[in-house]
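Here is the structure we will look at, set down as structure tokens.
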Amino acid sequence: MIMEYKVSALKYRPDEFNKVIGQNHVTDTLKNSIKENKIPSAILFCGPKGVGKTTCARIYAKEINKDSIELEKYDHAFNIFELDAASNRKIDDIRDLLEKVKIPPQIGKYKVYIIDEVHMLTKEAENAFLKTLEEPPSHIVFILATTEKNKILPTILSRCQIYDFKKISDQDSKNYLEEIIRSEGYKYEPKAISIIAKKAFGSLRDSLTILDRVINYTNGNITLEMTSQILNVLDTDTYLKFSELILKSSINEAIVCFNDLSNKGFGEKDFLEGLAQHFRDLVVAKASNSYNLNDEDYEFEKVLIQSKLIGQNILIEIIEIIENSIINLSNFENKKLVVEILLMKICNKNKSQNSLVPKKKNKILNSELAKTSEKNLSDENSQEEKKFRSIKPTESTNKKSVDDIKNISALSISSLKLKKQAKEEKDFIEAEKKKSTDEFDINDLKNKVDLYSKKINEMGKKSLSSIILINDPTIENNSVTFTLPSKASLNEFEIDKEYFTKFLRTELNNYEIKILAKIEEKKNQEYYSSPNEKLAKLVEINPLVGKFKDDLKLDL
Numbered sequence: 017m018i019m020e021y022k023v024s025a026l027k028y029r030p031d032e033f034n035k036v037i038g039q040n041h042v043t044d045t046l047k048n049s050i051k052e053n054k055i056p057s058a059i060l061f062c063g064p065k066g067v068g069k070t071t072c073a074r075i076y077a078k079e080i081n082k083d084s085i086e087l088e089k090y091d092h093a094f095n096i097f098e099l100d101a102a103s104n105r106k107i108d109d110i111r112d113l114l115e116k117v118k119i120p121p122q123i124g125k126y127k128v129y130i131i132d133e134v135h136m137l138t139k140e141a142e143n144a145f146l147k148t149l150e151e152p153p154s155h156i157v158f159i160l161a162t163t164e165k166n167k168i169l170p171t172i173l174s175r176c177q178i179y180d181f182k183k184i185s186d187q188d189s190k191n192y193l194e195e196i197i198r199s200e201g202y203k204y205e206p207k208a209i210s211i212i213a214k215k216a217f218g219s220l221r222d223s224l225t226i227l228d229r230v231i232n233y234t235n236g237n238i239t240l241e242m243t244s245q246i247l248n249v250l251d252t253d254t255y256l257k258f259s260e261l262i263l264k265s266s267i268n269e270a271i272v273c274f275n276d277l278s279n280k281g282f283g284e285k286d287f288l289e290g291l292a293q294h295f296r297d298l299v300v301a302k303a304s305n306s307y308n309l310n311d312e313d314y315e316f317e318k319v320l321i322q323s324k325l326i327g328q329n330i331l332i333e334i335i336e337i338i339e340n341s342i343i344n345l346s347n348f349e350n351k352k353l354v355v356e357i358l359l360m361k362i363c364n365k366n367k368s369q370n371s372l373v374p375k376k377k378n379k380i381l382n383s384e385l386a387k388t389s390e391k392n393l394s395d396e397n398s399q400e401e402k403k404f405r406s407i408k409p410t411e412s413t414n415k416k417s418v419d420d421i422k423n424i425s426a427l428s429i430s431s432l433k434l435k436k437q438a439k440e441e442k443d444f445i446e447a448e449k450k451k452s453t454d455e456f457d458i459n460d461l462k463n464k465v466d467l468y469s470k471k472i473n474e475m476g477k478k479s480l481s482s483i484i485l486i487n488d489p490t491i492e493n494n495s496v497t498f499t500l501p502s503k504a505s506l507n508e509f510e511i512d513k514e515y516f517t518k519f520l521r522t523e524l525n526n527y528e529i530k531i532l533a534k535i536e537e538k539k540n541q542e543y544y545s546s547p548n549e550k551l552a553k554l555v556e557i558n559p560l561v562g563k564f565k566d567d568l569k570l571d572l
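Numbering-wise, the sequence shown is residues 17 to 572 according to the working numbering.
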């Protein structure tokens with residue numbers, strides 16, 4: 017006779033508290049409450065999916081009746097009732113339940129109602145449940161379970177003893193899976209089991225489900241390669257290779273490697289999530305130098321070495337870029353193109369001003385460079401050249417960098433390049449100093465203001481465009497003052513003031529222009545004691561108002 021197949025999640029479901037994995041803080045408390053005979057009338061189990069909430073509820077329901085029932089004669093399930101709140105969520109379902117709880121158990125001390133996914137109940141059903149939950153019969157124990165505690169009414173939460181279940185650690189999952197695999201007589205590679213544990217993201221039930229799939233795919237010989245293929249997961253060495261290519265700015269090689277993975281069936285989202293996790297590990301390794309992933313199979317030494325080659329700020333920037341790409345991935349049909357563009361962006365950072373090599377304190381080339389031997393000069397010049405490129409041409413650094421041109425050795429091509437760059441910096445700063453300060457009048461100013469108003473109106477800033485357009489600016493010593501009608505207008509104007517200033521300076525060819533803004537002083541308003549007085553004032557201002565009133569024979 018062929019034995020009936022059972023999935024691992026059901027076959028290895030714990031039936032005792034001692035067999036529950038990773039929830040000692042919950043199981044110990046529940047065992048003590050039974051031992052001391054302190055049974056609460058309502059319990060709420062909260063936590064992620066697949067971590068043991070329903071399992072612990074069943075074990076607890078069985079244990080509290082254990083002493084009052086002859087074990088061999090009766091089935092504990094006779095006193096245990098399980099409801100799924102997702103399918104019994106209406107108020108009529110709860111009313112039916114409340115009628116049943118009034119009936120005491122025929123055997124045993126307690127009737128236990130396990131209500132799973134209790135957050136799915138309607139508001140009316142929750143309110144109907146409140147009174148019974150607050151003062152239940154002495155023979156009733158409610159055990160509620162949920163993955164979303166925040167959706168449950170606070171009044172229900174206050175009536176329950178709350179137990180928070182935590183995710184199962186990767187190491188606990190791995191140890192449990194290896195124990196099951198050995199008991200079944202299968203062969204395995206430890207790294208493959210680590211991948212399964214990580215793929216489950218803290219859910220032991222998911223890890224057992226994944227294990228069943230992997231066993232079927234590998235025919236009981238669980239290897240790293242085959243596990244990676246079926247789970248769409250890459251190992252650490254692959255991501256180390258990608259980060260090395262990124263460090264070298266090898267765009268072509270990075271794209272070729274990704275295309276190879278894509279052709280093998282690895283998904284774009286899985287790749288990006290793994291890449292983000294890898295760079296996260298680099299950040300942590302760099303920060304601690306001794307980060308322990310609790311996984312002996314993890315290539316930590318390689319990660320630690322590579323983390324020292326990349327600056328922490330750049331690592332965080334890369335993670336942010338990857339995160340944005342993951343968010344936007346669903347908006348594009350060609351997801352492969354999104355990943356390729358991402359790799360181009362990250363690789364290109366090494367060629368930009370933000371070098372991937374950690375930035376040390378900027379130094380101007382040391383005059384002692386000329387005294388070093390020609391053999392060491394080339395290496396030093398290469399390092400100093402990178403530092404030199406990161407220096408921006410500011411006024412504070414210009415004088416020193418220009419003076420130090422004389423200190424650069426002329427013994428190599430690198431030093432000649434540095435001379436040329438230093439000269440370019442000098443020319444740039446001198447050009448900044450010679451920028452024009454042409455004079456302009458109010459008509460010139462108004463023309464440029466109108467032009468700017470039209471420009472930002474086309475960009476969608478219609479409110480700011482109107483504020484600028486209706487304003488009559490004044491000029492005093494290159495200071496342009498705008499008088500605005502309200503504080504709200506002033507706040508909106510201040511946000512755009514920097515760009516407005518740059519625009520006027522460029523268009524009017526005057527780099528000393530400053531923009532000032534103030535709120536218009538309100539004039540004293542006239543108040544009228546009656547409508548007739550107000551009408552008289554209007555007629556005084558415009559006699560046609562009176563004629564209009566008489567012609568139509570209007571009256572107040």
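Even glycine gets a Cβ: it sits at the ideal position worked out from N, Cα and C.
To which residues of the same chain is E150 closer than 8 Å at the C-beta, ignoring the five residues directly before and after it?
Here residue 150 refers to the residue found at position 134 of the sequence shown. Hits under 8 Å: R175.
Go ahead and label A504 buried or exposed: buried means 16 or more other beta carbons lie within 10 angstroms of its beta carbon, across all protein chains shown.
Looking up residue 504 in the sequence shown gives position 488. With fewer than 16 other Cβ atoms within 10 Å, it is exposed.
Taking only three categories from DSSP, how would you classify Y192?
Within the sequence shown, the letter at position 176 stands for residue 192. DSSP places Y192 in helix when its eight states are reduced to three.
Going along the chain, which residues of its own chain have a beta-carbon closer than 8 Å to the beta-carbon of I238, five neighbours each way excluded?
Taking the first residue of the sequence shown as position 1, residue 238 is located at position 222. So the list reads I197, Y202, K203, Y204, E205, A208, I209, V230 and I231, once near-sequence residues are dropped.
In angstroms, rounded to a whole number, what distance separates the CA positions of K415 and P489?
Counting from one through the sequence shown, the residue named residue 415 turns up at place 399. Counting from one through the sequence shown, the residue named residue 489 turns up at place 473. Per-residue confidence for K415 stands at a pLDDT of 44, beneath the threshold of 50, marking its modelled position as unreliable; the derived number appears in the next sentence. Distance between the alpha carbons of K415 and P489 is about 39 Å.
Is the separation between the beta-carbon of K165 and that of C62 shorter than 9 Å?
Here the question's residue 165 lines up with position 149 in the sequence shown. Here the question's residue 62 lines up with position 46 in the sequence shown. Yes, the pair counts as a contact, with Cβ atoms nearer than the cut-off.
So, helix, strand or coil for Y126, using DSSP?
Indexing the sequence shown from 1 puts residue 126 at position 110. Three-state result, Y126: coil.
Measure the C-alpha to C-alpha separation of V465 and S482 and round it to an integer number of angstroms.
If you number the sequence shown from 1, residue 465 lands on position 449. If you number the sequence shown from 1, residue 482 lands on position 466. Going by the C-alpha atoms only, they are around 11 Å apart.
Would you tell me roughly how many angstroms separate the C-alpha atoms of I343 and E289, rounded to the nearest one?
The residue you call residue 343 lines up with position 327 of the sequence shown. The residue you call residue 289 lines up with position 273 of the sequence shown. One C-alpha to the other measures close to 11 Å.
Find out if the Cβ-Cβ distance for the pair I267, L325 is shorter than 9 Å.
Here residue 267 refers to the residue found at position 251 when the sequence shown is read from its first residue. Here residue 325 refers to the residue found at position 309 when the sequence shown is read from its first residue. Taking 9 Å as the Cβ cut-off, I267 and L325 do not qualify as a contacting pair.
Give me the Cα-Cα distance between R221 and L263, rounded to the nearest whole angstrom.
Taking the sequence shown and counting its residues from 1, the one referred to as residue 221 is at position 205. Taking the sequence shown and counting its residues from 1, the one referred to as residue 263 is at position 247. Each residue's Cα considered, the two are about 39 Å apart.
What is the residue span of the alpha helix (DSSP H) that V355 lies within?
Numbered from 1 along the sequence shown, position 339 holds the residue referred to as residue 355. Note, V355: alpha helix (DSSP H), K351 to N364.
Sorted by chain position, which residues of the same chain lie with C-beta nearer than 6 Å to E140's C-beta, five sequence neighbours on each side aside?
In the sequence shown, residue 140 corresponds to position 124, counting from 1. So the qualifying residues of the chain are I107.
Here's a check: name, in chain order, each residue in its chain whose Cβ is nearer than 7 Å to the Cβ of L506, leaving out the five neighbours to either side.
Within the sequence shown, numbered from 1, the residue matching residue 506 stands at position 490. Excluding sequence neighbours, L506 sits near L500, A533 and I535.
Going by DSSP, which residues form a beta bridge with Y204?
Walking along the sequence shown from the start, residue 204 turns up at place 188. Answer is I238.
Under the DSSP definition of a beta bridge, which residues are partnered with F158?
Locating residue 158 in the sequence shown gives position 142, where the first residue counts as 1. Note: F158 sits in a beta bridge opposite A58 and Y129.
Identify, in the order they occur along the chain, each residue of the same chain with its Cβ nearer than 6 Å to the Cβ of L261, setting aside the five sequence neighbours on each side.
Locating residue 261 in the sequence shown gives position 245, counting from the first residue. Correct list, in chain order: E269 and A270.
How many Å lie between E32 and I75 at the Cα?
As a position in the sequence shown, residue 32 is number 16, starting the count at 1. As a position in the sequence shown, residue 75 is number 59, starting the count at 1. Whole-angstrom Cα-Cα distance: 6 Å.
Pairs of beta-carbons, one from the region 243-250 and one from the region 318-332, closer than 8 Å: are there three or more?
no
Looking only at C-alpha atoms, which of E317, K35, T148 and Q328 sits nearest to K302?
For the purposes of this step, residue 302 is taken as the residue at position 286 of the sequence shown. Ranking the options by Cα distance to K302, first place goes to Q328.
Can you tell me whether DSSP reads K563 as helix, strand or coil?
Counted from its first residue, the sequence shown places residue 563 at position 547. The three-state reading of DSSP puts K563 in helix, counting H, G and I together.
Going along the chain, which unbroken runs of the beta strand (DSSP E) with 3 or more residues stay wholly within the region 478-548?
490-492, 495-500 and 530-535
Can you give the Cα-Cα distance for I37 and K365, rounded to whole angstroms?
The residue given as residue 37 occupies position 21 in the sequence shown. The residue given as residue 365 occupies position 349 in the sequence shown. C-alpha separation (whole angstroms): 45 Å.
For T43, does the three-state DSSP call read helix, strand or coil?
The residue you call residue 43 lines up with position 27 of the sequence shown. The answer is helix: DSSP assigns T43 an H, G or I state.
Within 8 Å: the Cβ of S185 and any heavy atom of the ligand GTP?
Among the components modelled here there is no ligand, and therefore nothing to report on the ligand GTP.
Measure the CB-CB distance between K352 and S219 and report whether it falls below 9 Å.
By one-based count along the sequence shown, residue 352 stands at place 336. By one-based count along the sequence shown, residue 219 stands at place 203. No, they are not a contact pair.
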